[in-house]
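Participant:
Protein chains in written order, with our numbering: chain D, 61 to 235; chain R, 61 to 235.
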């Protein structure tokens, strides 16, 4: 049996639900270069050694011009045979963020449309969103109604057993 | 700017907390070839295209001889500069499983010790476990006391927008 460790098997993608409490709106984009014309949440692939939360904030800023603050992870997906991933698999993480600025300046190269849209309207859309976006709207609406403690996956920073290394452990909030 | 997609950046490791309700014991092992002599939960790296749940069940069986059934994800960790990962990063997922068999037959190549240990005893251990194991005991004990709905991250299988592909979306249980 071959006991050699395998090389990296996954890329990590991150997208962000940036929710504006006062107006009940959420930040959505349409990709310029996608075969689909769905409204979706801004996001993209993690750089090597970049934390999930940092990817979310960076991609949101690059794509929409909005500064935001990471709050929690709401969901993640494991997808094998991910198109464009060179035969590797994909972990796609959906985060919840708070907007720090509100004026959109979207990236002309990657994004064709970008706006603040009513969360209820996005949730009710049956043609222009993918199943995962619909599901994420459900989760967000549940959190708004019953408290985000019911939907959030939060992190605790911990010290690794390997000297000098730290990591983030994501799990349900403990009392 | 280089717009070429990056190659896979992460390996996925999975370990399993196999909890035996009737005796309040949990399945623990000691690695034969580790620099640490910690009690830990059985687990290992995902094969290419292997789902998290399947890795947990396979590694538990290989290392301990115990058949088990995946129930939920309790936590995951993102670690950069993971030793032995060729400069890539590591996502390490901790699952909760139900034992289907109870007689241990541990792997002589990889495992030096394997046993059912009282969960309370493992939680109280201050020398022979790593910080993440201690934290995971806390989370498991919280679930036992207040209901696993408070700690579980569960999945829903969904259809991809890419024809023929399915994926698992992990998030908090919705009512």
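Every residue, glycine too, gets a C-beta built ideally from N, C-alpha and C. Treat the numbers as computed from the prediction; the structure is a model and nothing was measured.
1. Considering only residues of the same chain and omitting the five flanking positions on each side of residue 121 of chain R, which have a CB-CB separation below 8 Å?
2. Between the alpha carbons of residue 74 of chain R and residue 164 of chain R, how many angstroms are there, rounded?
3. Output yes if chain D places a C-beta closer than 9 Å to the C-beta of residue 46 of chain R; else output no.
4. If we call anything under 9 Å between Cβ atoms a contact, is residue 32 of chain D one with residue 234 of chain R?
5. Looking at the strands, I want to know which residues DSSP matches up with residue 176 of chain R.
6. Using a Cβ distance threshold of 8 Å, determine whether the stretch 201–221 of chain D contacts the stretch 101–120 of chain R, with at least three qualifying pairs required.
7. Just curious, the beta strand (DSSP E) that residue 217 of chain R is in, first and last residue?
8. Determine, using beta carbons only, whether residue 162 of chain D comes closer than 9 Å to chain R.
9. What residues of chain R sit near residue 123 of chain D, judged by a beta carbon separation below 7 Å?
10. How about residue 219 of chain R and residue 226 of chain R: do their beta carbons lie closer than 9 Å?
11. For the pair the stretch 189–198 of chain R and the stretch 144–151 of chain R, tell me if three or more CB-CB distances fall below 8 Å.
12. Of all the CB atoms in chain D, is at least one closer than 9 Å to the CB of residue 147 of chain R?
13. Pick out the complete beta strand (DSSP E) segments inside the stretch 107–149 of chain R, 3 residues or longer, and give them in chain order.
14. Note down, in chain order, every chain D residue with its Cβ under 9 Å from the Cβ of residue 185 of chain R.
15. To the nearest angstrom, how far is it from the Cα of residue 231 of chain R to the Cα of residue 152 of chain R?
16. What is the DSSP secondary structure of residue 160 of chain R, counted as helix, strand or coil?
17. Are there three or more Cβ pairs, one per stretch, closer than 8 Å when the stretch 165–173 of chain R is compared with the stretch 166–179 of chain D?
18. Taking just the CA atoms, how far does residue 177 of chain R sit from residue 180 of chain D?
19. Please name the residue in D:69, D:162, D:95 and D:90 whose C-alpha comes closest to that of residue 82 of chain D.
20. Taking Cβ positions, are residue 77 of chain R and residue 157 of chain R nearer each other than 9 Å?
21. Tell me which residue opens and which closes the alpha helix (DSSP H) that residue 203 of chain D is part of.
22. Determine the chain R residues that contact residue 96 of chain D at a beta-carbon separation under 9 Å, and present them in chain order.
23. If you reduce the DSSP assignment to three classes, tell me which class residue 225 of chain R lands in.
24. With C-beta atoms as the reference, is residue 111 of chain R less than 9 Å away from residue 71 of chain D?
25. Per DSSP, what kind of secondary structure is residue 105 of chain R in: helix, strand or coil?
26. Have a look at the DSSP bridge pairing and note the partners of residue 211 of chain R.
Facilitator: On the basis of the data shown:
1. 127 and 128
2. Approximately 20 Å between the Cα atoms of the pair.
3. With chain R covering only 61 through 235, there is no way to say anything about residue 46 of chain R.
4. For chain D, the structure presents residues 61 to 235; residue 32 of chain D sits outside this window and is missing.
5. R:87
6. no
7. Counting along the chain, residue 217 of chain R sits inside the beta strand (DSSP E) bounded by residues 214–219.
8. no
9. In chain order: nothing, as chain R lies at least about 14 Å away.
10. yes
11. Result no; under three Cβ-Cβ pairs closer than 8 Å.
12. yes
13. Scanning the stretch 107–149 of chain R for uninterrupted beta strand (DSSP E) segments of 3 residues or longer gives 128–139, listed from N- to C-terminal end.
14. Residues of chain D passing the Cβ test: none, with the nearest at roughly 15 Å.
15. 17 Å
16. Look at residue 160 of chain R here: in three-state DSSP terms it is coil, with no helix or strand label.
17. no
18. 49 Å
19. D:162
20. yes
21. Secondary structure note for residue 203 of chain D: its alpha helix (DSSP H) is the uninterrupted segment 191–206.
22. 221
23. coil
24. no
25. strand
26. Answer by DSSP bridge pairing: none, since residue 211 of chain R is not bridged.
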